[in-house]
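Start counting the sequence shown at 490; every next residue gets the next number (my numbering). For each residue, glycine too, the CB sits at the ideal point set by N, CA and C.
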Amino acid sequence: MSRILTVGAAQLGPIQRDHSRASVVQRLIALLHQANQHGVQLVVFPELALTTFFPRWFVDDITEADHWYETAMPNADTQPLFDEAKRLGIGFSLGYASIETDADGTRHRYNVQTLVERDGSIVATYRKVHIPGHEHHEPGRPFQHAERYYFEPSKEGFGVWRAFDGVIGMMICNDRRWPESYRVMGLQGVEMILCGYNTPIHYVPDPSQDILQGFHNALVMQSGAYQNGTWVVGVAKAGVEEGVDSLGQSMIVAPSGQIVAQTLTTDDELIVARCDLDWCARYTGTLFNFDRYRRPEVYGRITTQRGVMLPD
Ligand code: CDT
C-alpha cells in the first residue's frame with residue numbers, strides 16, 4: 490500500500506526589519522509557484538515567516554512590539570497567499586506571531602503555526618509549547634533571544650489532525666529538541682510532523698555548541714522521526730538576518746530516520762519529497778509498536794517531575 494503526500498519544505502532566507510509583510514508574502518507565493526511545478530500538495534513555511542525574528546530585540550513596553558503580531562489570519566497582507574494557494578489547490582503551514590484577545594479583553598501573545606487545507610480551510614493553529622531563551626533584557630549579549638518575554642507557552646500542548654489524507658502534527662523550533670514533543674504526537678498516531686525554525690548559529694550561553702548547530706538539528710529530527718515512526722518536515726528561516734546568522738539545513742526526514750531532502754543554501758529554497766504515509770507503519774507496527782512494547786507504568790517521572798531529582 491502507499492499513500493503519497495508530496496510535501497515541499499519552503500525555506501526562507503532572511504527577513505530584515507524593514508521588509509514589509511506584503512513583500513514577504515510575494516516571496517511565499519513565488520515558492521508556492523515552484524511547489525506547484527513539482528506537484529506539491531502541502532508547502533511548509535518556517536517559524537515567524539512573515540516578519541524578522543523580533544525577539545532578538547527588547548522593548549520595555551511590550552505593546553511597542555504589537556506591530557510584529559497578527560491579530561487575524563488571514564488578514565489583508567496574507568489574503569493573497571491564501572487565495573493563490575486555494576486557486577492552485579495546495580495546502581500550506583505558516584508560522585507567525587499572534588495576539589489573541591479573550592472575551593474579557595485579556596490579550597495573549599503566542600508563537601503559532603497554522604495548517605491550511607487545499608480548499609483554503611484552516612485545519613488548526615498550533616501554539617508553541619517550549620519557549621526558549623530569556624524573560625528579561627540581558628545587556629551583555631550580542632543579541633537577545635527574549636522569546637520568553639514575547640510569547641506565552643501553549644496550554645493545550647501537542648495535537649494532531651486528520652488532514653491531507655493522513656494524521657498531521659505541528660511543532661515549532663525549540664520543540665524539536667524535546668523527545669516529549671514527538672512522543673505525545675506519536676501516541677496520537679502522527680504520520681507527519683511539520684516544524685518551522687529560526688536557530689541562531691551563535692548560542693550565547695555556550696558558544697562551544699555553535700559548530701554543532703547543524704548536527705544537533707539533524708540529530709533531534711532524525712531520532713524523533715525514527716523513534717516515533719513519522720515523517721518530519723523541518724523548515725528554517727536561514728541566513729544573516731539583522732546581523733544574526735541563522736541555520737539553514739531544512740530537511741525532510743523519513744520514518745526510518747533518513748534524510749530524504751535537504752536545502753543547500755541559506756536563501757529562499759524549496760525542497761520536495763514524495764512521502765508515503767503508509768511507510769510509518771513499518772516502524773509503528775514493528776520495533777516501535779507502542780501498544781506492545783511501551784512501559785508507561787515505569788515512566789511516571791516524565792509527567793510528574795520537571796527538573797532533575799538527584800539520589801540522596
Ligand atoms: N526559535 C527558537 O526556538 N530557537 C531556538 C534557539 C535556542 S537558543 C535560545 C532553537 O531551539 O533553535
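So, helix, strand or coil for V761, using DSSP? Three-state DSSP puts V761 in a strand.
Three-state secondary structure (DSSP) of N564: Coil at N564, not helix or strand.
Regarding Y558 and the ligand CDT, is the C-beta to nearest heavy atom distance less than 7 Å? Y558 has its CB no nearer than 7 Å to any heavy atom of the ligand CDT.
Do R607 and G646 count as a contact pair if the criterion is CB distance below 8 Å? Cβ atoms of G646 and R607: not closer than 8 Å.
Measuring only the C-alpha atoms, how far is P563 from R510? Rounded to whole angstroms, P563 to R510 spans 13 Å at the Cα level.
Using a threshold of 7 Å, is the CB atom of P668 nearer than that to any non-hydrogen atom of the ligand CDT? No.
Specify, as a first and last residue, the run of the beta strand (DSSP E) that I493 falls within. Counting along the chain, the beta strand (DSSP E) containing I493 begins and ends at 493-500.
Any contact of the stretch 690-699 with the stretch 504-519, i.e. 3+ C-beta pairs under 8 Å? By the Cβ rule, the stretch 690-699 does not count as touching the stretch 504-519, because fewer than three pairs are nearer than 8 Å.
Just checking my contact of F640 with Y599 at CB under 8 Å: how many whole Å lie between their CB atoms? Between F640 and Y599 the beta-carbon gap is near 6 Å, inside 8 Å, which marks them as a contact.
Under 6 Å, CB to any heavy atom of the ligand CDT. Which residues pass, going along the chain? Put simply, the residues with a CB less than 6 Å from any heavy atom of the ligand CDT are E536, P621, G622, H634, C662, N663, R666, Y686, N687, T688, Y692, in chain order.
In the DSSP assignment, find the alpha helix (DSSP H) that holds H705 and state where it starts and stops. It spans 702-717 - the alpha helix (DSSP H) in which H705 sits, taken as one unbroken run.
Mapping DSSP to helix, strand and coil, what is N525? Collapsing the DSSP output to three states places N525 in a helix.
Tell me which same chain residues have a C-beta within less than 6 Å of the C-beta of K805, skipping the five on either side of it? With the chain running from 490 to 801 in the structure shown, residue 805 is simply not present.
Among D550, L604, E559, T595, whose alpha-carbon lies nearest the alpha-carbon of N574? Per the sequence shown, residue 574 should be read as Ala rather than Asn. Sorting D550, L604, E559, T595 by C-alpha distance to the C-alpha of A574 places L604 at the top.
Identify the continuous alpha helix (DSSP H) that holds G675 and give its terminal residues. It spans 668-675 - the alpha helix (DSSP H) in which G675 sits, taken as one unbroken run.
Helix, strand or coil, according to DSSP, for P696 in the structure here? Looking at P696 - three-state DSSP - the assignment turns out to be helix.
Spatial neighbours of H634 within its chain, please: C-beta separation below 8 Å, excluding the five flanking residues on both sides. P544, R545, P621, G622, H623, P689, V693.
Length of the line joining the Cα atoms of P744 and G774: Going by the C-alpha atoms only, they are around 12 Å apart.
Which residue's Cα is closest to the Cα of D549: D572, H625, Q515? Per the Cα distances, H625.
Nearest-angstrom Cα distance between D664 and Q526? Spanning the two alpha carbons is a distance of roughly 31 Å.
Inter-stretch contact at 8 Å, needing at least 3 Cβ pairs: the stretch 755-773 / the stretch 721-738: Between the stretch 755-773 and the stretch 721-738 there are three or more C-beta pairs closer than 8 Å, enough to call the two in contact.
Is it buried or exposed for G594, if we count other Cβ within 10 angstroms and need 16 for buried? G594 comes out exposed.
Identify the continuous alpha helix (DSSP H) that holds R781 and give its terminal residues. For R781, the enclosing alpha helix (DSSP H) stretches over residues 779-782.
Report yes if the CB atom of M740 is closer than 8 Å to the CB atom of G713, and no otherwise. No, the pair does not count as a contact, with Cβ atoms beyond the cut-off.
Going by DSSP in three states, W546 sits in which element: helix, strand or coil? Residue state, collapsed to three classes: coil.
Taking C-alpha atoms, which residue in S582, R576, G718 lies nearest to M674? It is G718.
Length of the line joining the Cα atoms of F632 and N706: Those two C-alpha atoms are separated by around 21 Å.
Please report the residue range of the alpha helix (DSSP H) in which E559 lies. That residue, E559, is in no alpha helix (DSSP H); it is neither H nor E in DSSP.
Got a sec, what are the start and stop residues for the beta strand (DSSP E) I791 sits in? Element bounds for I791: not the beta strand (DSSP E) but the alpha helix (DSSP H), 790-793.
Which of helix, strand or coil DSSP assigns to E624: E624: coil per DSSP, three-state reduction.
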